[in-house]
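*Asks:*
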């Protein structure tokens with residue numbers, strides 16, 4: 003169940019620190035800004051629940067939001083907000 007400061011998200015991708023493509027770019031090459039929101043997610047491999055921060059980045063003049071966090075040391079997971 004999501005709380006007021008959470009939003010529902012869908013799994014997008016995962017990978018090692020510094021090497022994840024999101025929105026067609028290496029997301030680690032951009033300055034992430036925290037939004038103050040969080041999301042509960044499930045690790046796609048081990049099915050453990052995690053709470054990740056929601057971030058936003060500007061890429062080519064467009065703002066993108068995503069949830070991200072480390073599943074384990076230097077292994078990151080990325081989630082995008084569900085539509086509607």
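Residue numbers (our numbering): 3 to 86.
Don't be surprised by glycine CBs; every beta carbon is placed ideally from N, CA and C.
Values in this document were obtained by computation on a predicted structure and should not be read as measured data.
(1) Between the region 45-58 and the region 18-26, can you find at least three pairs of beta-carbon atoms closer than 8 Å?
(2) Shortest alpha-carbon distance to residue 38 belongs to which of 44, 69, 31, 63?
(3) Who does residue 36 pair with in a DSSP beta bridge?
(4) Check this for me: beta carbons of residue 13 and residue 81, under 8 Å apart or not?
(5) Tell me whether residue 30 sits in a helix, a strand or coil according to DSSP, three-state version.
*Replies:* Taking the definition as stated:
(1) no
(2) For the purposes of this step, residue 38 is taken as the residue at position 36 of the chain shown. When each option's Cα is compared against that of residue 38, the closest is 69.
(3) Stepping through the chain shown from its first residue, residue 36 is reached at position 34. DSSP lists 57 as partners of residue 36.
(4) The residue you call residue 13 lines up with position 11 of the chain shown. The residue you call residue 81 lines up with position 79 of the chain shown. Yes, Cβ-Cβ distance for residue 13 and residue 81 is below 8 Å.
(5) Taking the chain shown and counting its residues from 1, one reaches residue 30 at position 28. In the structure shown, residue 30 falls within a helical segment according to DSSP collapsed to helix, strand and coil.
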